[in-house]
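S.K.: Residue numbers (our numbering): 186 to 381.
(1) Using three-state DSSP, classify residue 333 as helix, strand or coil.
(2) Hey, out of 269, 372 and 258, whose CA is closest to residue 283's CA?
(3) With 16 other CB atoms within 10 Å as the buried threshold, where does residue 187 fall?
(4) Let me know the secondary structure DSSP gives residue 280 once reduced to three states.
(5) Would you decide whether residue 200 is buried or exposed? Buried here means 16 or more other CB atoms lie within 10 Å of its CB.
(6) Quick one: Cα of residue 370 to Cα of residue 329, how far?
(7) What number of angstroms, rounded off, separates the C-alpha of residue 260 from the C-alpha of residue 216?
(8) Could you check how far apart the C-beta atoms of residue 291 and residue 337 are, in whole angstroms? I think they sit under 8 Å.
(9) For residue 286, tell me which candidate among 302, 379 and 243 has the shortest Cα-Cα distance.
(10) Which runs of the beta strand (DSSP E) at least 3 residues long sit entirely within the stretch 263-316? Give them in chain order.
(11) Secondary structure at residue 200, three-state DSSP: helix, strand or coil?
(12) Just how far apart, CA to CA, sit residue 320 and residue 312?
(13) My guess is that residue 248 and residue 193 are in contact by the Cβ rule of under 8 Å, so how many angstroms apart are they, rounded?
(14) Hey, which unbroken runs of the alpha helix (DSSP H) at 4 residues or more fall wholly within the stretch 199-239?
(15) May I have the straight-line CA-CA distance separating residue 206 from residue 225, to the nearest angstrom?
(16) Identify whether residue 256 lies in helix, strand or coil by the three-state DSSP scheme.
(17) I need the DSSP call for residue 247, collapsed to helix, strand or coil.
(18) Would you call residue 277 buried or exposed, if buried means 16 or more other Cβ atoms sit within 10 Å of its Cβ?
(19) Contact check, residue 295 vs residue 343 under 8 Å by CB: the rounded distance?
(20) Let me check understanding here. Comparing Cα to Cα, which of 348, 318 and 299 lies closest to residue 333?
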């Protein structure tokens, strides 16, 4: 997917459990402070975070030609990552199940990926979606695909705005557009970029 704002999407699938030796080798590519944090996390979460970190470095190096080892990350007050010293670099990461996605762009960008598993969608929609989102969900036929399209859209917009879970349904987002795709038949992926 290469849609707007010069965006490119990188996706990687990885095993549920990475062998200890491989995990240890991959850890050497993370900065010391991140390495320490990852080693204190539960293995499954640490593994997903490490894959995301490495995928982001790879994608950024590919798009902007920055040396892989020189890419250093910081985070905003809302937790959105950025590349220290390179304001022109915009990226975002998401993971679900055993898939990680990173989108890189020339302008703000957000991405979300969700493994499409069965849930009580009606209950979740009533609890978390706005009245407008509930109406769209109904118009799109309810069910799994409609739910995951709405959920990934909401998540990617929040990440695009740099607010994540703090995002409320603002009216000041007329400059964004979203693109959905299904990956490996079981994942819904949504990218939010600036409108052209």
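Just so it is clear, CB atoms sit at the ideal spot from N, CA and C, and this is done for glycine as well.
Keep in mind the model is a prediction, meaning the values are calculated, not measured.
M.R.: So, from the data block:
(1) The residue given as residue 333 occupies position 148 in the chain shown. Three-state result, residue 333: helix.
(2) Looking up residue 283 in the chain shown gives position 98. Nearest option by C-alpha distance: 372.
(3) Along the chain shown, one-based indexing puts residue 187 at 2. Here the model assigns residue 187 a pLDDT of 48, short of 50, so the residue's position is not dependable, and the following value carries that caveat. With fewer than 16 other Cβ atoms within 10 Å, it is exposed.
(4) In the chain shown, counting from the first residue as 1, residue 280 sits at position 95. Strand.
(5) Here residue 200 refers to the residue found at position 15 of the chain shown. Exposed.
(6) Counting from 1 along the chain shown, the entry for residue 370 is found at position 185. Counting from 1 along the chain shown, the entry for residue 329 is found at position 144. If I take the Cα positions, the gap works out to 12 Å.
(7) Locating residue 260 in the chain shown gives position 75, counting from the first residue. Locating residue 216 in the chain shown gives position 31, counting from the first residue. Whole-angstrom Cα-Cα distance: 14 Å.
(8) Counting from 1 along the chain shown, the entry for residue 291 is found at position 106. Counting from 1 along the chain shown, the entry for residue 337 is found at position 152. In fact, because the Cβ distance is near 22 Å, the residues do not count as touching under 8 Å.
(9) Residue numbering aside, residue 286 sits at position 101 when the chain shown is read from its first letter. It is 243.
(10) 266-268, 275-281, 284-290 and 294-300
(11) Counting from 1 along the chain shown, the entry for residue 200 is found at position 15. Coil at residue 200, not helix or strand.
(12) Mapped onto the chain shown, residue 320 falls at position 135. Mapped onto the chain shown, residue 312 falls at position 127. So the alpha carbons of these two residues sit roughly 14 Å apart.
(13) Here residue 248 refers to the residue found at position 63 of the chain shown. Here residue 193 refers to the residue found at position 8 of the chain shown. About 6 Å separates the two Cβ atoms, so the contact holds.
(14) 205-212 and 217-225
(15) Here residue 206 refers to the residue found at position 21 when the chain shown is read from its first residue. Here residue 225 refers to the residue found at position 40 when the chain shown is read from its first residue. Using only the alpha carbons, I get a separation of about 17 Å.
(16) Mapped onto the chain shown, residue 256 falls at position 71. Coil at residue 256, not helix or strand.
(17) Counting from 1 along the chain shown, the entry for residue 247 is found at position 62. Correct three-state label for residue 247: helix.
(18) Stepping through the chain shown from its first residue, residue 277 is reached at position 92. Classification of residue 277: buried, given that the 10 Å Cβ count is 16 or more.
(19) Here residue 295 corresponds to residue number 110 of the chain shown, with the count starting at 1. Here residue 343 corresponds to residue number 158 of the chain shown, with the count starting at 1. Their Cβ separation, rounded to whole angstroms, is 7 Å, which keeps residue 295 and residue 343 in contact under 8 Å.
(20) Within the chain shown, the letter at position 148 stands for residue 333. Of 348, 318 and 299, the residue nearest in Cα terms is 299.
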